[in-house]
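For the record, the sequence lines run as chains L and U. For the first sequence, the working numbering assigns the number 38 to the initial residue and increments by one for each residue that follows. For the second sequence, the working numbering assigns the number 38 to the initial residue and increments by one for each residue that follows. Everything below concerns the one structure shown next.
2 protein chains.
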Amino acid sequence: MASNLKKYIRTIPDFPHAGIQFRDITTLFNNSKGLRETVDQMADAMAIHNFDQVAGLEARGFMLGAALAYRLELGFTMIRKKGKLPGKTISQDYNLEYGEATLEIHDDAIESGQKVLLFDDLIATGGTAEAGINLIERLGGKVEMAAFIIDLPELGGRKKIESLGIPTYVLCEFDGL
Amino acid sequence: MASNLKKYIRTIPDFPHAGIQFRDITTLFNNSKGLRETVDQMADAMAIHNFDQVAGLEARGFMLGAALAYRLELGFTMIRKKGKLPGKTISQDYNLEYGEATLEIHDDAIESGQKVLLFDDLIATGGTAEAGINLIERLGGKVEMAAFIIDLPELGGRKKIESLGIPTYVLCEFDGL
Chain L
38 MASNLKKYIR TIPDFPHAGI QFRDITTLFN NSKGLRETVD QMADAMAIHN FDQVAGLEAR
98 GFMLGAALAY RLELGFTMIR KKGKLPGKTI SQDYNLEYGE ATLEIHDDAI ESGQKVLLFD
158 DLIATGGTAE AGINLIERLG GKVEMAAFII DLPELGGRKK IESLGIPTYV LCEFDGL
Chain U
38 MASNLKKYIR TIPDFPHAGI QFRDITTLFN NSKGLRETVD QMADAMAIHN FDQVAGLEAR
98 GFMLGAALAY RLELGFTMIR KKGKLPGKTI SQDYNLEYGE ATLEIHDDAI ESGQKVLLFD
158 DLIATGGTAE AGINLIERLG GKVEMAAFII DLPELGGRKK IESLGIPTYV LCEFDGL
């Protein structure tokens, strides 16, 4: 694990709620070396696989997801919040800390049998990633791996995704919420 | 202008409102050649400039914006909708077709004197781009250029941005709304 990236990540206390230590990747992307090392480390780790497509979760997953797809010479698929995609979609509800939310994917974004790398900036409880996996699999795609810049191991998301039979990869971990 | 990219862009009628021909870049990014050509054409055109930073507008501007920053070995700054950025921000209201919206940037994202490339996927009336330019300039940055994948010339956004003294660059144009 490439923990040297942690120095670029800022921690903001009490965002979005009191008691949450928010791990802020804007400072990582804002730094030219941070952005380059993040894309290169992730792309180098993923290059041994044979994906057909990268899928990224709105909105922070769009940045590294698209840069990674470019580096790996793959296409990039957006998984968006409800109502943002203009074409025909399928949707998946999932639970948030308070209430529910819905993700959508274009119904022609993934071809049946395609091997997909799912990407997001951070995995916490894994609820969003699981909804994204469901969308890809409902289109006939196979999520070969789920990758994240940051894991918060205490929240158990990575274990949850691996219990679905999907290998995961992360660049760094933060303890404590 | 690299109009060969137009073949990757899908048009969706009546989204988000009746009468609008929505130019859908999801099909461009979904295609590995489309993504690669878009990043490479934009990066090649921008490489003669000497930017310090790329800034992208939420959310579709995050994809090519981050990939472009990676290719140009620059940092990437997110300009987000209200309430999404965790740190201290400054904000800028702007007019939409119906009502108002607000963009924000972290107050330490741009250093005074930095030369910034502003990027979004599409320019229509230019209201969002103008709000992004205001944010960057209020932090002391200089927007050296504003670049877009798609221009809708009939809506006049490009002329508006150039009337502010900021050169623009686009990869393709679509006539008609």
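Using N, Cα and C, we set each Cβ at its ideal position, and we do this for glycine too.
Quiz item: If we ignore side chains and look at the alpha-carbon of each, how far apart do Q58 (chain U) and I173 (chain U) end up?
Solution: Using only the alpha carbons, I get a separation of about 31 angstroms.
Practice problem: Verify whether the separation of the beta carbon atoms of V215 (chain U) and G98 (chain U) is less than 7 angstroms. | Solution: Residue numbering for chain U in the displayed model covers 38 to 214; residue 215 (chain U) lies beyond these limits and cannot be assessed.
Quiz item: Can the beta-carbon of G178 (chain L) be found closer than 7 angstroms to that of I147 (chain L)?
Solution: yes
Self-check item: R73 (chain U): contacting residues in chain L (beta-carbon distance under 8 angstroms)
Solution: Y107 and E110
Practice problem: Step through the CB atoms of chain U and report whether any lies within less than 7 angstroms of the CB of A168 (chain L). | Solution: Closer than 7 angstroms: no.
Quiz item: Comparing the C-beta of D1 (chain U) with each C-beta of chain L, is any distance below 7 angstroms?
Solution: No statement about residue 1 (chain U) is possible, as the shown extent of chain U runs from 38 to 214 and does not include it.
Quiz item: Which chain L residues sit within Cβ distance under 7 angstroms of S69 (chain U)?
Solution: E110, L111 and G112
Quiz prompt | Within 7 angstroms, strictly: CB atoms of A80 (chain U) and L105 (chain U) | solution = yes
Quiz item: Would you say M182 (chain U) reaches chain L, if we count a Cβ-Cβ gap shorter than 7 angstroms as a contact?
Solution: no
Quiz prompt | Contact residues within the region 131 to 148 of chain U, judged by C-beta distance below 7 angstroms to chain L | solution = H143 and A146
Self-check item: Completely contained beta strand (DSSP E) runs for the region 88 to 113 of chain U, where each covers 3 or more residues
Solution: 90 to 94
Self-check item: Limits of the unbroken alpha helix (DSSP H) element including F66 (chain U)
Solution: T63 to N67
Practice problem: State buried or exposed for I85 (chain U), treating a residue as buried only when at least 16 other CB atoms are found within 10 Å of its CB. | Solution: By the C-beta density criterion, I85 (chain U) is exposed, having fewer than 16 other C-beta atoms within 10 angstroms.
Quiz item: Where does T162 (chain L) sit, in a helix, a strand or coil, going by DSSP?
Solution: coil
Exercise. List the endpoints of the continuous beta strand (DSSP E) containing K197 (chain L).
Key: It is not in any beta strand (DSSP E) - K197 (chain L) instead sits in the alpha helix (DSSP H) that spans G194 to S200.
Quiz prompt | Those residues which DSSP pairs with F211 (chain U) across a bridge | solution = According to the DSSP secondary-structure assignment, F211 (chain U) is paired through a beta bridge with no residue.
Quiz item: Whose C-beta lies closer than 8 angstroms to the C-beta of I187 (chain U) among residues of the same chain, with five residues either side of it excluded?
Solution: Non-local beta-carbon contacts of I187 (chain U) in its own chain, meaning distances under 8 angstroms to residues more than five positions away in sequence, involve I46, R60, I62, D158, L159, I160, V207, L208, C209, E210 and F211 in chain order.
Practice problem: For the region 70 to 79 of chain L and the region 135 to 143 of chain L, state whether three or more C-beta atom pairs, one from each stretch, are separated by less than 8 angstroms. | Solution: Touching, no.
Practice problem: Measure from the C-beta of G124 (chain L) to each C-beta in chain U and report whether the shortest distance is under 7 angstroms. | Solution: yes
Practice problem: Return the chain-ordered list of same chain residues with a C-beta closer than 8 angstroms to the C-beta of L201 (chain U), the five sequence neighbours on each side being excluded. | Solution: E167 and I170
Exercise. Look up L155 (chain L) in the DSSP assignment and say whether it is helix, strand or coil.
Key: Correct three-state label for L155 (chain L): strand.
Self-check item: Amino acids of chain L, ordered along the chain, whose beta-carbon sits closer than 9 angstroms to that of M79 (chain U)
Solution: Residues of chain L whose Cβ lies closer than 9 angstroms to the Cβ of M79 (chain U) do not exist, since the nearest Cβ in that chain is about 11 angstroms away.
Quiz item: Between which two residues does the beta strand (DSSP E) containing K179 (chain U) stretch?
Solution: K179 to D188
Self-check item: Sheet register partners of Q58 (chain U) (DSSP bridge)
Solution: U:P50
Quiz item: From this set, L:K125, L:M100 and L:K119, which residue's C-alpha is nearest D51 (chain U)'s C-alpha?
Solution: Scanning L:K125, L:M100 and L:K119 for the CA closest to the CA of D51 (chain U) turns up L:K125.
Quiz item: In chain order, what residues of the same chain have a beta carbon less than 6 angstroms from the beta carbon of G164 (chain U), not counting five sequence neighbours either side?
Solution: In chain order, Y131 and N132 place their CB closer than 6 angstroms to the CB of G164 (chain U), counting only its own chain and leaving out the 5 sequence neighbours on each side.
Quiz item: In terms of DSSP beta bridges, what is A290 (chain U) paired with?
Solution: With chain U covering 38 to 214 only, the question about residue 290 (chain U) has no answer from this structure.
Practice problem: Measure the C-alpha to C-alpha separation of G144 (chain L) and K152 (chain L) and round it to an integer number of angstroms. | Solution: According to the sequence as given, residue 144 (chain L) is Asp; it is not Gly. Rounded to the nearest angstrom, the two C-alpha atoms are 16 angstroms apart.
Quiz item: Which value, in whole angstroms, describes the spacing of the CA atoms of E74 (chain L) and M100 (chain L)?
Solution: In a straight line, the C-alpha of E74 (chain L) is about 14 angstroms away from that of M100 (chain L).
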